[in-house]
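*Asks:* Would you mind keeping the following structure in view while I ask a few things?
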(Lines of atoms letter the chains of each structure in order from A and count residues from 1; the text may use other names and numbers.)
(Lines give C-alpha, C1' and ligand atoms only; values in the text may rest on other atoms or scores of the structure.)
Protein backbone atom coordinates (compact mmCIF):
# COMPACT_ATOMS: atom_id res chain seq x y z
CA UNK A 1 0.00 0.00 0.00
CA UNK A 2 1.34 3.40 -1.02
CA UNK A 3 1.55 5.92 1.76
CA UNK A 4 -0.56 9.02 1.26
CA UNK A 5 1.32 12.20 0.45
CA UNK A 6 1.06 14.52 3.46
CA UNK A 7 -0.38 17.94 2.77
CA UNK A 8 1.98 20.91 2.76
CA UNK A 9 1.78 23.08 5.81
CA UNK A 10 1.71 26.87 5.74
CA UNK A 11 5.44 27.19 6.41
CA UNK A 12 6.26 25.01 3.39
CA UNK A 13 3.94 27.00 1.15
CA UNK A 14 5.41 30.28 2.38
CA UNK A 15 8.90 29.00 1.74
CA UNK A 16 8.03 27.96 -1.82
CA UNK A 17 6.37 31.28 -2.49
CA UNK A 18 9.46 33.05 -1.18
CA UNK A 19 11.86 31.25 -3.49
CA UNK A 20 9.61 31.53 -6.54
CA UNK A 21 11.36 33.49 -9.32
CA UNK A 22 10.38 37.12 -9.38
CA UNK A 23 8.92 38.85 -12.41
CA UNK A 24 10.65 41.51 -14.49
CA UNK A 25 9.08 44.53 -12.82
CA UNK A 26 9.83 43.43 -9.21
CA UNK A 27 13.43 42.93 -10.29
CA UNK A 28 13.69 46.33 -11.96
CA UNK A 29 12.00 48.41 -9.29
CA UNK A 30 14.58 47.40 -6.70
CA UNK A 31 17.51 48.56 -8.85
CA UNK A 32 18.77 52.05 -8.04
CA UNK A 33 20.70 52.22 -11.30
CA UNK A 34 17.51 51.56 -13.26
CA UNK A 35 15.69 54.50 -11.67
CA UNK A 36 18.64 56.86 -11.98
CA UNK A 37 19.08 55.96 -15.64
CA UNK A 38 15.34 56.28 -16.29
CA UNK A 39 15.13 59.74 -14.69
CA UNK A 40 18.18 61.05 -16.55
CA UNK A 41 16.89 59.65 -19.84
CA UNK A 42 13.48 61.24 -19.22
CA UNK A 43 15.17 64.61 -18.71
CA UNK A 44 17.06 64.23 -21.99
CA UNK A 45 13.85 63.31 -23.81
CA UNK A 46 12.18 66.46 -22.47
CA UNK A 47 15.12 68.48 -23.82
CA UNK A 48 14.74 66.82 -27.22
CA UNK A 49 10.97 67.26 -27.41
CA UNK A 50 10.74 70.85 -26.15
CA UNK A 51 14.11 72.58 -26.62
CA UNK A 52 12.49 75.98 -27.26
CA UNK A 53 10.72 75.82 -23.90
CA UNK A 54 13.65 74.45 -21.89
CA UNK A 55 16.14 76.65 -23.72
CA UNK A 56 14.60 79.78 -22.25
CA UNK A 57 15.14 78.71 -18.63
CA UNK A 58 18.84 79.63 -18.35
CA UNK A 59 19.56 81.07 -21.80
CA UNK A 60 18.06 83.23 -24.52
CA UNK A 61 16.12 80.30 -26.05
CA UNK A 62 17.31 80.98 -29.62
CA UNK A 63 20.40 79.02 -30.76
CA UNK A 64 20.77 81.30 -33.83
CA UNK A 65 20.85 84.53 -31.83
CA UNK A 66 24.58 85.31 -31.65
CA UNK A 67 26.81 88.25 -30.77
CA UNK A 68 30.45 88.05 -31.89
CA UNK A 69 31.47 90.46 -29.15
CA UNK A 70 30.63 87.63 -26.66
CA UNK A 71 32.75 85.04 -28.49
CA UNK A 72 34.06 82.36 -26.09
CA UNK A 73 32.78 84.33 -23.13
CA UNK A 74 32.22 82.61 -19.82
CA UNK A 75 29.01 82.18 -17.88
CA UNK A 76 27.03 85.35 -17.19
CA UNK A 77 23.57 86.12 -15.93
CA UNK A 78 21.08 84.65 -18.38
CA UNK A 79 23.82 82.59 -20.09
CA UNK A 80 24.70 79.90 -17.58
CA UNK A 81 27.01 77.88 -19.89
CA UNK A 82 28.76 80.85 -21.51
CA UNK A 83 29.15 81.44 -25.26
CA UNK A 84 30.65 79.53 -28.20
CA UNK A 85 33.11 80.83 -30.78
CA UNK A 86 30.36 82.64 -32.71
CA UNK A 87 28.98 84.30 -29.60
CA UNK A 88 25.89 82.05 -29.47
CA UNK A 89 24.41 81.01 -26.15
CA UNK A 90 26.02 77.66 -25.35
CA UNK A 91 23.25 76.45 -23.03
CA UNK A 92 20.62 76.95 -25.71
CA UNK A 93 22.75 75.17 -28.32
CA UNK A 94 23.38 72.21 -26.03
CA UNK A 95 19.66 71.90 -25.32
CA UNK A 96 18.78 72.05 -29.03
CA UNK A 97 21.53 69.53 -29.81
CA UNK A 98 19.72 66.87 -27.82
CA UNK A 99 17.00 66.50 -30.46
CA UNK A 100 19.21 65.54 -33.40
CA UNK A 101 21.55 63.39 -31.32
CA UNK A 102 18.67 61.37 -29.87
CA UNK A 103 16.85 61.24 -33.21
CA UNK A 104 19.87 59.65 -34.88
CA UNK A 105 20.11 57.13 -32.04
CA UNK A 106 16.45 56.11 -32.06
CA UNK A 107 15.95 56.12 -35.86
CA UNK A 108 19.11 54.10 -36.45
CA UNK A 109 18.19 51.55 -33.79
CA UNK A 110 14.62 51.23 -35.07
CA UNK A 111 15.80 50.60 -38.64
CA UNK A 112 18.50 48.14 -37.51
CA UNK A 113 15.99 46.30 -35.31
CA UNK A 114 13.52 45.99 -38.19
CA UNK A 115 16.16 44.44 -40.47
CA UNK A 116 17.44 42.24 -37.66
CA UNK A 117 13.97 40.88 -36.84
CA UNK A 118 13.28 40.01 -40.49
CA UNK A 119 16.66 38.42 -41.16
CA UNK A 120 16.97 36.69 -37.79
CA UNK A 121 13.43 35.31 -37.90
CA UNK A 122 13.80 33.95 -41.44
CA UNK A 123 17.10 32.28 -40.53
CA UNK A 124 15.84 30.92 -37.22
CA UNK A 125 12.50 29.58 -38.44
CA UNK A 126 13.50 28.00 -41.74
CA UNK A 127 17.06 26.88 -41.09
CA UNK A 128 18.75 24.97 -43.92
CA UNK A 129 20.11 26.90 -46.88
CA UNK A 130 18.16 30.05 -45.96
CA UNK A 131 19.89 30.08 -42.59
CA UNK A 132 23.28 29.51 -44.24
CA UNK A 133 22.86 32.31 -46.78
CA UNK A 134 21.58 34.84 -44.25
CA UNK A 135 24.24 33.87 -41.70
CA UNK A 136 27.02 34.40 -44.27
CA UNK A 137 25.48 37.76 -45.24
CA UNK A 138 25.47 38.76 -41.59
CA UNK A 139 29.11 37.69 -41.24
CA UNK A 140 30.07 39.88 -44.20
CA UNK A 141 28.61 42.98 -42.55
CA UNK A 142 30.09 42.03 -39.18
CA UNK A 143 33.52 41.70 -40.74
CA UNK A 144 33.42 45.15 -42.30
CA UNK A 145 34.92 47.91 -40.09
CA UNK A 146 32.02 49.98 -38.74
CA UNK A 147 33.65 53.42 -38.77
CA UNK A 148 35.45 52.97 -42.10
CA UNK A 149 32.28 51.75 -43.82
CA UNK A 150 30.23 54.61 -42.41
CA UNK A 151 32.82 57.19 -43.47
CA UNK A 152 32.97 55.83 -47.04
CA UNK A 153 29.18 55.84 -47.45
CA UNK A 154 28.68 59.26 -45.86
CA UNK A 155 31.34 60.84 -48.07
CA UNK A 156 29.77 59.22 -51.13
CA UNK A 157 26.25 60.39 -50.27
CA UNK A 158 27.21 64.05 -50.04
CA UNK A 159 24.18 65.20 -48.07
CA UNK A 160 24.48 64.34 -44.38
CA UNK A 161 21.14 64.94 -42.71
CA UNK A 162 19.63 63.15 -39.71
CA UNK A 163 17.93 60.63 -42.01
CA UNK A 164 20.96 59.85 -44.21
CA UNK A 165 23.30 59.49 -41.22
CA UNK A 166 20.76 57.21 -39.53
CA UNK A 167 20.42 55.04 -42.64
CA UNK A 168 24.18 54.64 -42.97
CA UNK A 169 24.63 53.75 -39.31
CA UNK A 170 21.71 51.30 -39.51
CA UNK A 171 23.39 49.45 -42.39
CA UNK A 172 26.27 48.50 -40.10
CA UNK A 173 24.27 48.11 -36.87
CA UNK A 174 21.80 45.32 -37.64
CA UNK A 175 24.08 42.22 -37.83
CA UNK A 176 24.66 41.86 -34.07
CA UNK A 177 20.92 42.16 -33.38
CA UNK A 178 20.14 39.71 -36.20
CA UNK A 179 22.37 37.03 -34.69
CA UNK A 180 20.68 37.48 -31.32
CA UNK A 181 17.20 37.30 -32.89
CA UNK A 182 18.18 34.15 -34.80
CA UNK A 183 19.48 32.49 -31.64
CA UNK A 184 16.36 33.41 -29.64
CA UNK A 185 13.99 32.27 -32.40
CA UNK A 186 15.75 28.92 -32.73
CA UNK A 187 15.51 28.42 -28.97
CA UNK A 188 11.80 29.29 -28.80
CA UNK A 189 11.00 27.32 -31.96
CA UNK A 190 11.90 24.09 -30.18
CA UNK A 191 9.51 24.80 -27.28
CA UNK A 192 6.56 22.43 -26.76
CA UNK A 193 3.88 25.10 -27.09
CA UNK A 194 5.23 26.08 -30.52
CA UNK A 195 5.29 22.48 -31.70
CA UNK A 196 1.77 22.00 -30.36
CA UNK A 197 0.55 25.07 -32.26
CA UNK A 198 1.98 23.75 -35.52
CA UNK A 199 0.56 20.27 -34.84
CA UNK A 200 -2.89 21.81 -34.40
CA UNK A 201 -2.74 23.06 -37.98
CA UNK A 202 -1.85 26.69 -37.28
CA UNK A 203 0.46 27.95 -40.03
CA UNK A 204 4.17 28.44 -39.48
CA UNK A 205 4.12 32.20 -39.91
CA UNK A 206 1.00 32.64 -37.82
CA UNK A 207 2.66 30.64 -35.08
CA UNK A 208 5.81 32.70 -35.48
CA UNK A 209 3.99 36.02 -35.13
CA UNK A 210 1.70 34.93 -32.28
CA UNK A 211 4.00 32.72 -30.24
CA UNK A 212 7.64 32.73 -31.32
CA UNK A 213 8.43 36.44 -31.72
CA UNK A 214 6.76 37.66 -28.49
CA UNK A 215 8.85 35.14 -26.54
CA UNK A 216 12.05 35.59 -28.55
CA UNK A 217 12.35 39.39 -28.55
CA UNK A 218 12.80 39.78 -24.79
CA UNK A 219 16.63 39.52 -24.80
CA UNK A 220 16.77 41.73 -27.91
CA UNK A 221 14.97 44.60 -26.20
CA UNK A 222 17.76 44.87 -23.65
CA UNK A 223 20.31 45.19 -26.46
CA UNK A 224 18.20 47.93 -28.09
CA UNK A 225 18.80 50.32 -25.19
CA UNK A 226 22.52 49.59 -25.35
CA UNK A 227 22.51 50.18 -29.10
CA UNK A 228 20.88 53.61 -28.85
CA UNK A 229 23.64 54.79 -26.53
CA UNK A 230 26.33 53.37 -28.80
CA UNK A 231 24.80 54.97 -31.89
CA UNK A 232 24.65 58.42 -30.25
CA UNK A 233 28.36 58.14 -29.43
CA UNK A 234 29.10 56.89 -32.97
CA UNK A 235 27.28 59.87 -34.53
CA UNK A 236 29.28 62.23 -32.34
CA UNK A 237 32.49 60.49 -33.38
CA UNK A 238 31.67 60.71 -37.08
CA UNK A 239 30.75 64.38 -36.73
CA UNK A 240 34.02 64.94 -34.88
CA UNK A 241 35.81 63.41 -37.88
CA UNK A 242 33.94 65.77 -40.22
CA UNK A 243 31.60 63.26 -41.86
CA UNK A 244 28.58 63.48 -39.56
CA UNK A 245 25.71 65.95 -39.47
CA UNK A 246 26.18 69.15 -41.47
CA UNK A 247 25.15 72.71 -40.67
CA UNK A 248 22.56 74.04 -40.03
CA UNK A 249 21.88 70.89 -37.98
CA UNK A 250 22.77 71.20 -34.29
CA UNK A 251 24.06 68.20 -32.36
CA UNK A 252 26.41 67.48 -29.50
CA UNK A 253 28.88 65.95 -31.93
CA UNK A 254 29.01 69.12 -34.03
CA UNK A 255 29.56 71.26 -30.95
CA UNK A 256 32.42 69.03 -29.77
CA UNK A 257 33.97 69.07 -33.26
CA UNK A 258 33.77 72.86 -33.50
CA UNK A 259 35.27 73.36 -30.05
CA UNK A 260 38.14 70.86 -30.26
CA UNK A 261 40.68 73.52 -31.30
CA UNK A 262 39.53 75.86 -28.51
CA UNK A 263 39.71 73.48 -25.58
CA UNK A 264 42.87 75.08 -24.16
CA UNK A 265 41.46 78.64 -24.10
CA UNK A 266 37.74 77.92 -23.68
CA UNK A 267 37.21 74.40 -22.26
CA UNK A 268 33.54 75.13 -21.50
CA UNK A 269 32.78 75.00 -25.24
CA UNK A 270 33.61 71.27 -25.26
CA UNK A 271 32.81 70.45 -21.64
CA UNK A 272 29.03 70.96 -21.68
CA UNK A 273 28.09 69.08 -24.88
CA UNK A 274 30.50 66.29 -23.87
CA UNK A 275 28.89 66.05 -20.43
CA UNK A 276 25.36 65.82 -21.88
CA UNK A 277 26.54 63.23 -24.41
CA UNK A 278 28.22 61.11 -21.72
CA UNK A 279 25.23 61.28 -19.35
CA UNK A 280 22.81 60.24 -22.10
CA UNK A 281 24.99 57.38 -23.32
CA UNK A 282 25.64 56.08 -19.80
CA UNK A 283 21.92 56.31 -18.94
CA UNK A 284 20.97 54.22 -21.96
CA UNK A 285 23.72 51.69 -21.29
CA UNK A 286 22.70 51.38 -17.63
CA UNK A 287 19.07 50.98 -18.66
CA UNK A 288 20.03 48.24 -21.09
CA UNK A 289 22.09 46.45 -18.45
CA UNK A 290 19.17 46.59 -16.00
CA UNK A 291 16.76 45.19 -18.60
CA UNK A 292 19.20 42.44 -19.54
CA UNK A 293 19.59 41.38 -15.91
CA UNK A 294 15.82 41.47 -15.34
CA UNK A 295 15.14 39.34 -18.43
CA UNK A 296 17.76 36.78 -17.43
CA UNK A 297 15.99 34.16 -15.26
CA UNK A 298 19.32 33.30 -13.57
CA UNK A 299 19.43 36.83 -12.13
CA UNK A 300 15.91 36.75 -10.58
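In my numbering, the protein residues as written are 629 to 928. Don't be surprised by glycine CBs; every beta carbon is placed ideally from N, CA and C.
State buried or exposed for residue 748, treating a residue as buried only when at least 16 other CB atoms are found within 10 Å of its CB.
*Replies:* Buried.
*Asks:* Taking the C-alpha atoms as reference points, what is the distance between residue 877 and residue 909?
*Replies:* Roughly 20 Å between the two C-alpha positions.
*Asks:* Thinking just about the alpha-carbon of each residue, which of 772, 796 and 769 is nearest to the one in residue 782?
*Replies:* Out of 772, 796 and 769, 796 has the C-alpha closest to the C-alpha of residue 782.
*Asks:* Does the contact criterion of 3 or more C-beta pairs under 8 Å hold for the segment 664-679 versus the segment 911-918?
*Replies:* Taking 8 Å as the limit for Cβ pairs, the verdict is that the segment 911-918 does touch the segment 664-679.
*Asks:* Can you tell me which of 798, 732, 659 and 904 puts its alpha carbon nearest to the alpha carbon of residue 777?
*Replies:* Looking at the Cα atoms, 798 is the closest of the given residues.
*Asks:* Per the DSSP calculation, residue 717 is bridged to which residue(s)?
*Replies:* Bridge partners of residue 717: 711.
*Asks:* Just confirm the distance between the C-beta atoms of residue 809 and residue 752, as a whole number of angstroms; I'd bet it's less than 8 Å.
*Replies:* Yes, they are in contact, since the Cβ atoms of residue 809 and residue 752 sit about 7 Å apart, within 8 Å.
*Asks:* Going along the chain, which residues of its own chain have a beta-carbon closer than 8 Å to the beta-carbon of residue 580, five neighbours each way excluded?
*Replies:* Residue 580 lies beyond the residue range present for the chain, which begins at 629 and ends at 928; the question has no answer from this structure.
*Asks:* Skipping 5 residues on each side, what residues in its chain have a beta carbon closer than 8 Å to that of residue 884?
*Replies:* Hits under 8 Å: 864, 867, 868, 898, 901, 902 and 905.
*Asks:* Within 10 Å of its beta-carbon, does residue 672 have 16 or more other beta-carbons around it, so buried, or fewer, so exposed?
*Replies:* Label assigned to residue 672: buried.
*Asks:* Bridge partners for residue 704 per DSSP, in chain order?
*Replies:* DSSP, once it has assigned bridges, lists 707 as partnering residue 704.
*Asks:* Pick from 736, 802, 721 and 832: whose alpha carbon is nearest that of residue 694?
*Replies:* Measuring from the Cα of residue 694, the nearest candidate turns out to be 721.
*Asks:* Closest to residue 742 by CA distance: which of 702, 774, 804 and 772 is it?
*Replies:* Answer by Cα proximity: 804.
*Asks:* Identify which residue in 802, 875, 727 and 874 has its Cα closest to the Cα of residue 932.
*Replies:* The shown model of the chain, from 629 to 928, leaves out residue 932, and the question about it has no answer.
*Asks:* Could you give the distance in angstroms between the alpha-carbon of residue 774 and the alpha-carbon of residue 856?
*Replies:* Looking at the two C-alpha atoms, the distance is approximately 15 Å.
*Asks:* If we count the other Cβ atoms within 10 Å of its Cβ and call it buried at 16 or more, is residue 724 buried or exposed?
*Replies:* Per the 10 Å Cβ criterion, buried.
*Asks:* Distance check for residue 839 and residue 833, CA to CA, integer angstroms please.
*Replies:* Roughly 10 Å separates the two Cα atoms.
*Asks:* Anyone know if the C-beta pair for residue 919 and residue 700 falls short of 8 Å?
*Replies:* Cβ atoms of residue 919 and residue 700: not closer than 8 Å.
*Asks:* Measuring CA to CA, which of 737, 917, 659 and 916 is closest to residue 794?
*Replies:* The candidate whose alpha carbon is nearest that of residue 794 is 737.
*Asks:* Please return the same chain residues whose Cβ sits closer than 7 Å to the Cβ of residue 917, not counting the five positions on each side in sequence.
*Replies:* Excluding positions up to five away in sequence, the list is empty.
*Asks:* To the nearest angstrom, how far is it from the Cα of residue 807 to the Cα of residue 677?
*Replies:* Residue 807 and residue 677: Cα-Cα distance of roughly 33 Å.
*Asks:* Hey, out of 670, 820 and 658, whose CA is closest to residue 727's CA?
*Replies:* That would be 670, whose Cα lies nearest to the Cα of residue 727.
*Asks:* If distances are taken between C-alpha atoms only, which option among 818, 813, 837 and 820 comes closest to residue 847?
*Replies:* If we check each option's Cα against that of residue 847, 813 comes out closest.
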